[in-house]
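Below is one structure, written out as structure tokens; the observations come after it.
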Amino acid sequence: MAKKNIGADELISVIISGIEDVKGKEINILDLREIDNTVCDYFIICEGTSNTQVNAIVNSVQKKVSKELKDHPWHTEGMDNAEWVLIDYVNVVVHVFQKHIRQYYDIESLWGDAKTTVIETSY
Numbered sequence: 007m008a009k010k011n012i013g014a015d016e017l018i019s020v021i022i023s024g025i026e027d028v029k030g031k032e033i034n035i036l037d038l039r040e041i042d043n044t045v046c047d048y049f050i051i052c053e054g055t056s057n058t059q060v061n062a063i064v065n066s067v068q069k070k071v072s073k074e075l076k077d078h079p080w081h082t083e084g085m086d087n088a089e090w091v092l093i094d095y096v097n098v099v100v101h102v103f104q105k106h107i108r109q110y111y112d113i114e115s116l117w118g119d120a121k122t123t124v125i126e127t128s129y
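Going from the sequence shown to the working numbering is simple: count from 1 and add 6.
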């Protein structure tokens, strides 16, 4: 059976929903498509308040994407210390940070040319 081709918008929507399910904070989407030589089309960046919440966000995203879209990440990195976890869905890469690590690396500034969308949450 051929794998269903999942659109980036659909994948992003499910990822955001997974982050919101466990109250991930400061969610930003960086659209990298207009920038030359990028490794993917989108970064989704968010933060958790502790190792436990970072792990909960990662697990929520992976379960939701698996259940709704029947897709799995190509690669996941950083689960050991849960300060910065990267979930790579090839065209969409999710970065889940603890606040101090996010501030230190400041990848939003590194990719300052990207179009940024801030997701408003109600919690």
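No residue lacks a Cβ here, since even glycine has one placed at the ideal position from N, Cα and C.
Distance check between residue 48 and each of 86, 73, 21 and 87 places 21 closest, using alpha-carbon atoms only. Annotation: residue 24 to residue 73 spans about 11 Å, alpha carbon to alpha carbon. In the three-state reduction of the DSSP assignment, residue 126 falls in the coil class, being assigned neither a helical nor a strand state. Between residue 14 and residue 99, the C-beta gap is not smaller than 8 Å, which leaves the two residues out of contact. A direct Cα-to-Cα measurement between residue 125 and residue 27 gives close to 14 Å. Residue state for residue 17 is assigned as helix, using DSSP reduced to three classes. The beta carbons of residue 29 and residue 129 sit closer together than 8 Å.
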